[in-house]
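Engineer: Respectively, the protein sequence lines represent chains A and B. All residue numbers for the first sequence refer to full-length UniProt numbering, where the first residue is 1 and numbers rise by one. All residue numbers for the second sequence refer to full-length UniProt numbering, where the first residue is 1 and numbers rise by one. Don't be surprised by glycine CBs; every beta carbon is placed ideally from N, CA and C.
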Amino acid sequence: MGKFILRRVGVMLLTALCLTFIVFFLTNLYPNLEKLAKTQGNFRMSDGEVATYLNNNGYLQPTIVKYGQWLGFLPGYVIEGTDGNIRAKCAAPGQPIEEAPRFCGVLQGEWGRSTVIKEDVGKIIREKLALTGILMFWVMLLMVPSALIIGVLAGMREGSRTDRTLSTFSIATTATPEYVSGVLFIAIFASSAVGLKWFKGTATTAMDNITFENFFLPVLTIAAYGMGYIARMTRASMAEVMTSQYIRTARLKGVSFGNIVLKHALRNALIAPFTVIMLQFPWLLNGVVIVETLFNYKGFGWVLVLAAGNNDIELLLAVSVISVIVVLVTQLISDIGYVYLNPRISVT
Amino acid sequence: MNDALSWGGIITQIILQFMPTLIALVITFAVSITYKRKLGLYGKLFDSTIGMIGLALVLFWVYTAVFAGVFDLIATHDPLDQSASMKKKLPGTPYTKLIGTPDPEAGAYYLLGGDNLGRDVFSRVIAGSIKVILIAPFATIFAFMVGITLGLPAGYYGGKFDTVLSFIANLVLAFPVILLFYLLVTPEIVLTGIPVYMAGVLFIFPVIFLVILWNSRYHTQPAKRNVYLAVTLVIGLWAYLGIAWDMDPLGIISFPPNLLVVFVSVVFVNSPTVFRIVRGLALDIKTRDYVAAAQTRGEGPWYIMLWEILPNARGPLLVDFCLRIGYTTILLGTLGFFGLGLESESADWGKMIIDGRRLLSANILHIAIPPALALLTLVLGLNFLADGLREESLRD
Chain A
1 MGKFILRRVG VMLLTALCLT FIVFFLTNLY PNLEKLAKTQ GNFRMSDGEV
51 ATYLNNNGYL QPTIVKYGQW LGFLPGYVIE GTDGNIRAKC AAPGQPIEEA
101 PRFCGVLQGE WGRSTVIKED VGKIIREKLA LTGILMFWVM LLMVPSALII
151 GVLAGMREGS RTDRTLSTFS IATTATPEYV SGVLFIAIFA SSAVGLKWFK
201 GTATTAMDNI TFENFFLPVL TIAAYGMGYI ARMTRASMAE VMTSQYIRTA
251 RLKGVSFGNI VLKHALRNAL IAPFTVIMLQ FPWLLNGVVI VETLFNYKGF
301 GWVLVLAAGN NDIELLLAVS VISVIVVLVT QLISDIGYVY LNPRISVT
Chain B
1 MNDALSWGGI ITQIILQFMP TLIALVITFA VSITYKRKLG LYGKLFDSTI
51 GMIGLALVLF WVYTAVFAGV FDLIATHDPL DQSASMKKKL PGTPYTKLIG
101 TPDPEAGAYY LLGGDNLGRD VFSRVIAGSI KVILIAPFAT IFAFMVGITL
151 GLPAGYYGGK FDTVLSFIAN LVLAFPVILL FYLLVTPEIV LTGIPVYMAG
201 VLFIFPVIFL VILWNSRYHT QPAKRNVYLA VTLVIGLWAY LGIAWDMDPL
251 GIISFPPNLL VVFVSVVFVN SPTVFRIVRG LALDIKTRDY VAAAQTRGEG
301 PWYIMLWEIL PNARGPLLVD FCLRIGYTTI LLGTLGFFGL GLESESADWG
351 KMIIDGRRLL SANILHIAIP PALALLTLVL GLNFLADGLR EESLRD
């Protein structure tokens with residue numbers, strides 16, 4: 001098991017390296033750098049001014065050198081600008097060049113500075129990840145139990161009226177993208193004309209103080225979209241387990257239906273939903289982007305959109321590292337969880 | 001000057017506008033139900049209520065797109081036509097044009113009201129259906145071609161080839177989709193030509209797929225094979241040059257560059273998932289006896305992959321195909337939501353929803369709700385259809 005996890009961590013590092021290099025390459029293409037220069041300076045900069053700005057800030061070095069500097073393998077640039085000032089990558093604002101460290105990359109624990117938010121990337125990511133983490137936590141708390149209950153109830157007797165009703169409901173929730181259900185929820189529950197006015201249509205206030213009123217709609221919107229998928233998978237695996245030999249044997253021996261479902265079927269039926277629940281985490285990162293934008297909740301997704309829109313290179317790199325880790329760690333957990341749910345499965 | 005329509009009047013008018021679609025739908029269903037025993041899996045769909053509902057919803061939008069796109073029916077106004085006096089007007093408001101002469105062929109009412117620029121919401125929803133119906137299925141077909149052409153050998157041969165391809169697939173999957181689109185669809189990247197090169201790589205796969213398909217099947221009958229290959233290569237490469245490189249020598253096929261970028265990106269994000277599904281199925285099916293039998297017969301590997309493994313994987317692939325069209329539709333909407341999709345003027349559902357969303361707090365609901373409902377019904381229909389297909393194909 002230890003060797004298996006070690007190998008997976010190795011693959012994870014390799015994937016993160018490749019992915020960040022792709023992001024690095026794409027964000028460092030000249031038209032993108034030009035966009036960055038114009039958002040940093042002003043939108044009427046001439047081509048010459050753009051080139052000067054980029055050169056003064058070290059953006060015109062070869063891509064591979066810049067990538068090395070970001071990683072911390074190569075020493076950060078020290079460039080004398082056309083205005084006579086010397087700029088160093090590793091100098092904090094106001095810090096004299098002589099006191100700045102030579103290396104400042106990810107390996108040294110420095111994630112760089114965001115050009116659009118003007119703060120330390122590490123700090124931004126920590127804060128925003130915490131906000132999104134809270135959102136995800138409540139989504140999971142609402143989504144997973146309700147999806148499992150719906151799935152198990154529907155899968156207990158396939159084709160029954162309960163099954164059809166619950167299946168239609170769960171297809172309808174997955175078939176509705178978040179930007180549709182979010183809009184409908186706001187119209188129904190928050191709009192002041194025809195709406196019920198139960199909740200607030202934005203979650204801006206939830207960033208400081210989470211209440212049921214300002215947080216329930218975003219949570220419900222994401223949970224509704226993800227719920228149907230988990231419920232459908234649970235239903236399918238539950239229906240399959242219920243037709244197996246040992247369930248029939250148990251029934252013939254006179255075990256009550258409730259006991260069969262809870263004690264015999266459930267554990268075996270949980271393997272597939274477990275995989276799917278783990279796959280939901282990386283997907284949640286995407287779902288969250290839309291809902292955070294819709295409800296104006298400035299978390300991880302909001303940062304992603306802001307950084308991508310302004311070509312904030314170092315922020316985007318940090319975001320992609322986080323996504324790779326989320327995707328691959330959840331995959332790893334699901335592989336290991338498999339072994340605990342069904343000891344016959346071996347991962348190594 | 002007409003009076004504003006009541007809700008009853010609006011609904012009657014809308015049903016009248018949809019008449020060509022509804023008639024086509026009734027005819028399709030009548031014919032299909034009569035001959036359902038002779039129509040294979042498609043006919044069996046009419047045994048399941050859920051499948052029929054799904055088919056009806058999907059066909060509704062397909063016919064609407066066809067009638068609106070080809071015959072210019074259904075829509076009452078030009079989707080881009082603005083009228084300053086119709087801004088944010090409620091459903092059923094009589095149409096007046098503030099500037100210029102009114103279009104004599106335009107309808108008398110804005111059936112679902114006007115949007116924030118004074119354009120007819122009803123006509124824009126109809127115009128949006130054409131885009132969705134055109135792009136989503138084709139993008140899905142292309143993604144399937146790429147996924148199948150690479151996934152079959154990866155699963156069948158395994159080894160280094162599989163390791164490399166799986167790594168690349170995982171790499172694409174690890175990208176947050178939104179970031180990927182920001183990196184591919186923004187004008188800055190389009191300037192560099194990267195999307196065109198990607199189109200150049202991805203769009204050759206349908207041609208490769210068909211060439212291998214014919215060659216593996218008919219290589220014992222060279223005459224037949226050569227005809228098939230010639231037809232595929234001529235038409236395929238011609239379309240390939242026109243679509244991917246915009247270099248059609250005859251100048252007939254051309255693809256709007258803006259549309260191409262969105263199309264390529266959608267194919268690109270869908271392909272790895274299809275690849276993984278196909279690879280998984282191939283890993284499973286290659287252990288079956290009939291594959292061993294074909295190997296003993298001395299069939300070539302591509303024959304076994306395409307004519308033994310693929311047909312036996314059709315069940316899950318068909319269902320995934322239906323679901324993926326829905327997923328692609330949602331994705332196109334998501335792109336529109338972030339302003340990354342098609343050009344901003346055009347009517348597409350995602351863009352309409354995000355535009356209308358801003359007015360929800362001002363109690364103007366009629367701009368965002370119609371496109372939202374349109375998207376919901378289409379995706380719901382596709383899912384029901386997939387469900388019906390799965391349940392009926394399992395009954396064999």
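1. Give me the residue from L365(B), G326(B), T334(B), L360(B) with the minimum Cα distance to T377(B).
2. Can you grab the Cα-Cα spacing for the pair E99(A) / A91(A), in whole Å?
3. With DSSP collapsed to three states, give me the class of E158(A).
4. Please state whether DSSP places G114(B) in a helix, a strand or coil.
5. Got a sec? Which residues, its chain only, sit under 8 Å from Y42(B) by beta carbon, not counting five neighbours each side?
6. Starting from the Cα of V23(A), find the closest Cα among I5(A), L217(A), Y67(A) and give me that residue.
7. Quick one, which of A239(B), A65(B), T186(B), D81(B) has its alpha-carbon nearest P31(A)'s?
8. Please tell me whether G62(A) has its Cβ less than 9 Å away from any Cβ of chain B.
9. Tell whether a beta-carbon distance below 9 Å holds between D348(B) and G128(B).
10. If the cut is a Cβ gap below 7 Å, which residues of chain B does I290(A) touch?
11. According to DSSP, which residues form a beta bridge with V78(A)?
12. Distance cutoff 9 Å, beta carbons only. Does I178(B) sit that close to anything in chain A?
13. I need the straight-line Cα distance from I260(A) to T162(A), nearest angstrom please.
14. Determine which residues of the segment 130-153 of chain A have a Cβ less than 7 Å from any Cβ of chain B, and write them out in chain order.
15. Quick check on the DSSP output: what are the complete alpha helix (DSSP H) runs of length 4 or more inside the segment 329-374 of chain B, in order along the chain?
16. Under 9 Å, do A16(A) and V324(A) count as touching if we go by C-beta distance?
17. Measuring only between beta-carbons, confirm whether F175(B) sits less than 9 Å from chain A.
18. Can you find the residues in the same chain that come closer than 6 Å, C-beta to C-beta, to M145(B), ignoring five residues on each side of it along the sequence?
19. Quick one: is D120(B) buried, meaning 16 or more other Cβ sit within 10 Å of its Cβ, or exposed?
20. So A56(B) is in the alpha helix (DSSP H); what residue range does that whole segment cover?
21. Between which two residues does the alpha helix (DSSP H) holding C18(A) run?
22. What number of angstroms, rounded off, separates the C-alpha of F175(B) from the C-alpha of S320(A)?
23. Run through chain B and tell me which residues come within less than 9 Å of S46(A), C-beta to C-beta.
24. Just the Cα atoms here: how many angstroms apart are F169(A) and A154(A)?
25. Would you mind giving the Cβ-Cβ distance between M156(A) and M238(A), rounded to the nearest angstrom? I have them listed as a contact below 8 Å.
26. When DSSP labels each residue in this structure, what does P218(A) get in the three-state scheme?
27. For T93(B), does the three-state DSSP call read helix, strand or coil?
28. Tell me where the alpha helix (DSSP H) around E119(A) begins and ends.
29. Reducing DSSP to helix, strand and coil, say where R235(A) ends up.
30. Could you tell me which residues DSSP pairs with R390(B) in its beta bridges?
31. Quick check on T186(B) - is its C-beta less than 9 Å from some C-beta in chain A?
32. For F212(A), count neighbouring C-beta atoms within 10 Å of its own C-beta (all shown protein chains included) and say buried if the count is 16 or more, exposed if not.
33. Can you tell me which of the three DSSP states D120(B) falls into?
34. So what's R288(B) in DSSP terms, helix, strand or just coil?
35. Establish whether the CB of I194(B) and some CB of chain A are separated by less than 9 Å.
36. Determine, using beta-carbon pairs with one atom in the segment 148-159 of chain B and one in the segment 384-393 of chain B, whether at least three such pairs fall under 8 Å.
Structural biologist: Considering the structure as presented:
1. By 1-based counting over the second sequence, the position of residue 377(B) is 377. Nearest option by C-alpha distance: G326(B).
2. As a working note, residue 99(A) is residue 99 in the first sequence. As a working note, residue 91(A) is residue 91 in the first sequence. Near 8 Å, if we compare the C-alpha coordinates of A91(A) and E99(A).
3. Position 158 of the first sequence, counting from 1, holds the residue named residue 158(A). Three-state DSSP puts E158(A) in coil, outside helix and strand.
4. Here residue 114(B) is taken as the residue at index 114 of the second sequence, counted from 1. Correct three-state label for G114(B): strand.
5. Sequence index remark: in the second sequence, residue 42(B) carries index 42 (1-based). Cβ within range, chain order: S32.
6. Counting from one through the first sequence, the residue named residue 23(A) turns up at place 23. Among I5(A), L217(A), Y67(A), the Cα nearest to that of V23(A) belongs to Y67(A).
7. In the first sequence, the residue the question calls residue 31(A) occupies position 31. Comparing Cα-Cα distances from P31(A) to each of A239(B), A65(B), T186(B), D81(B), the minimum goes to T186(B).
8. Working through the first sequence from its first residue, we reach residue 62(A) at position 62. Sequence check: residue 62(A) is Pro here, not Gly. No, P62(A) does not count as interfacial toward chain B.
9. Within the second sequence, residue 348(B) is the residue found at index 348, counting from 1. Within the second sequence, residue 128(B) is the residue found at index 128, counting from 1. Yes, these two residues count as a Cβ contact at 9 Å.
10. Against the first sequence, residue 290(A) aligns to sequence position 290. Going along chain B in sequence order, the residues near I290(A) (Cβ under 7 Å) are T334, F337.
11. The residue you call residue 78(A) lines up with position 78 of the first sequence. Looking at the DSSP assignment, V78(A) forms a beta bridge with A88(A).
12. Here residue 178(B) corresponds to residue number 178 of the second sequence, with the count starting at 1. True, the Cβ-Cβ gap to chain A drops below 9 Å.
13. Within the first sequence, numbered from 1, the residue matching residue 260(A) stands at position 260. Within the first sequence, numbered from 1, the residue matching residue 162(A) stands at position 162. Cα-Cα distance, rounded: 18 Å.
14. none
15. 349-357
16. Along the first sequence, one-based indexing puts residue 16(A) at 16. Along the first sequence, one-based indexing puts residue 324(A) at 324. Contact flag set, yes.
17. In the second sequence, residue 175(B) corresponds to position 175, counting from 1. Closer than 9 Å: yes.
18. Indexing the second sequence from 1 puts residue 145(B) at position 145. Around M145(B): F205, P206, F209.
19. Reading the second sequence from its first residue, position 120 is the one you call residue 120(B). By the 10 Å Cβ count, D120(B) comes out buried.
20. Indexing the second sequence from 1 puts residue 56(B) at position 56. Looking at the DSSP string, the run of the alpha helix (DSSP H) that includes A56(B) is 49-70.
21. Along the first sequence, read from residue 1 onward, the residue named residue 18(A) stands at position 18. 2-27 is the extent of the alpha helix (DSSP H) around C18(A).
22. Counting from 1 along the second sequence, the entry for residue 175(B) is found at position 175. Counting from 1 along the first sequence, the entry for residue 320(A) is found at position 320. Near 7 Å, if we compare the C-alpha coordinates of S320(A) and F175(B).
23. If you number the first sequence from 1, residue 46(A) lands on position 46. Per Cβ cutoff of 9 Å: no residues; S46(A) is ~18 Å from chain B at best.
24. Counting from one through the first sequence, the residue named residue 169(A) turns up at place 169. Counting from one through the first sequence, the residue named residue 154(A) turns up at place 154. Rounded to the nearest angstrom, the two C-alpha atoms are 11 Å apart.
25. Mapped onto the first sequence, residue 156(A) falls at position 156. Mapped onto the first sequence, residue 238(A) falls at position 238. About 7 Å separates the two Cβ atoms, so the contact holds.
26. Working through the first sequence from its first residue, we reach residue 218(A) at position 218. The answer is helix: DSSP assigns P218(A) an H, G or I state.
27. Along the second sequence, one-based indexing puts residue 93(B) at 93. Note: T93(B) maps to strand in three-state DSSP.
28. Residue numbering aside, residue 119(A) sits at position 119 when the first sequence is read from its first letter. That residue, E119(A), is in no alpha helix (DSSP H); it is neither H nor E in DSSP.
29. On the first sequence, position 235 is the one that residue 235(A) refers to. Of the three classes helix, strand and coil, the one that applies to R235(A) here is helix, per DSSP.
30. In the second sequence, counting from the first residue as 1, residue 390(B) sits at position 390. Answer is none; R390(B) lacks a bridge partner.
31. On the second sequence, position 186 is the one that residue 186(B) refers to. So yes, T186(B) belongs to the interface.
32. As a working note, residue 212(A) is residue 212 in the first sequence. Result: exposed.
33. As a first step, residue 120(B) is located in the second sequence; it is residue number 120 there, counting from the start. Three-state result, D120(B): strand.
34. Here residue 288(B) corresponds to residue number 288 of the second sequence, with the count starting at 1. Correct three-state label for R288(B): coil.
35. As a position in the second sequence, residue 194(B) is number 194, starting the count at 1. Cβ-Cβ to chain A under 9 Å: yes for I194(B).
36. no
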